[in-house]
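Notes follow once the structure below has been shown.
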Amino acid sequence: MRTHQDLTQKVPSTQNVERPGDGVPIRRVGNCGRLLMPRFPRNRMENMPDPATDIASLLEHCRTLILATLDVNGNPQASPAPFIHDNDNRFHVLVSTMAPHTAHMIALKPTGVMLIENEDDALHIFARRRLNYVCNVSEVFRDQYNYDELIEKFKYRFGSFASALANLPDFHMFSLYPASGRLVVGFGRAYRIKDDIITSIGPEDVAPKS
Numbered sequence: 001m002r003t004h005q006d007l008t009q010k011v012p013s014t015q016n017v018e019r020p021g022d023g024v025p026i027r028r029v030g031n032c033g034r035l036l037m038p039r040f041p042r043n044r045m046e047n048m049p050d051p052a053t054d055i056a057s058l059l060e061h062c063r064t065l066i067l068a069t070l071d072v073n074g075n076p077q078a079s080p081a082p083f084i085h086d087n088d089n090r091f092h093v094l095v096s097t098m099a100p101h102t103a104h105m106i107a108l109k110p111t112g113v114m115l116i117e118n119e120d121d122a123l124h125i126f127a128r129r130r131l132n133y134v135c136n137v138s139e140v141f142r143d144q145y146n147y148d149e150l151i152e153k154f155k156y157r158f159g160s161f162a163s164a165l166a167n168l169p170d171f172h173m174f175s176l177y178p179a180s181g182r183l184v185v186g187f188g189r190a191y192r193i194k195d196d197i198i199t200s201i202g203p204e205d206v207a208p209k210s
């Protein structure tokens, strides 16, 4: 069985990774309100999908991400934003200055991003698949060479309403570049992401230091 030191992989883009199939069937672990921690035989552990496949699945099926920012008074804010994702692993969002997260990003401060699977699709509510990144931020101005191209991608994914929003003066586009991250795909299955490398997190990595 692979140890967590053995699990080192590259973060996928949305186009160079195959669409995940049905995957390995996993029993639901909830029963009559009791929390049953799953115990997998060795051969089941070896056949589990690679974390890169889980990342590709979240990128494909999530249409919005959660932004984690601070408002002008330093209070934490979390809010959703539709996004597009490119082959350089950058996220692009189109947001209004009326939203509390926009001032934070205009100031180009590091911004948290989370993609999380739908509750109805989760095998267990306490173990929803999720992908978190801490991102560097840059604004994409209307006169930049790639602005119109990105708007076309927003239109392709979300319809013509996206271009209507882009024409409003209070809407800004931002690119978010992941600097580090963490992927959780189930009980006891977590991965650290740094410099596009995915590494399994073992119990010794999260235990409190004595």
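Under my numbering, the sequence shown is numbered contiguously, ending at residue 210.
Beta carbons: idealized from backbone N, C-alpha and C, even for Gly.
Item                                                                                                                                                                           : Value
Going by beta-carbon coordinates alone, are T97 and T69 separated by less than 8 Å?                                                                                            : no
If you count every other CB in all the chains shown that lies within 10 Å of the CB of T64, and 16 or more means buried, which is it?                                          : exposed
Reducing DSSP to helix, strand and coil, say where M114 ends up.                                                                                                               : strand
Can you tell me whether F126 is buried or exposed? The criterion is at least 16 other CB atoms within 10 Å of its CB, across all chains shown.                                 : exposed
Going by DSSP, which residues form a beta bridge with E139?                                                                                                                    : F174
Label F161 either buried or exposed according to how many other C-beta atoms from any shown protein chain fall within 10 Å of its C-beta, with 16 as the threshold for buried. : exposed
Who pairs with G186 in a beta bridge, going by DSSP?                                                                                                                           : R189
With DSSP as the reference, please indicate the residues paired to H92 in a beta bridge.                                                                                       : I84 and S175
Am I right that V140 and F174 are in contact with their C-beta atoms under 8 Å? What's the rounded C-beta distance?                                                            : 7 Å
Rounded C-beta distance between L94 and A166? I'm assuming under 8 Å.                                                                                                          : 6 Å
Quick one: any contact between the segment 50 to 64 and the segment 76 to 91, if contact means 3 or more CB pairs under 8 Å?                                                   : yes
For the structure I just gave you, are there three or more beta carbon pairs, one from the segment 148 to 155 and one from the segment 179 to 197, closer than 8 Å?            : no
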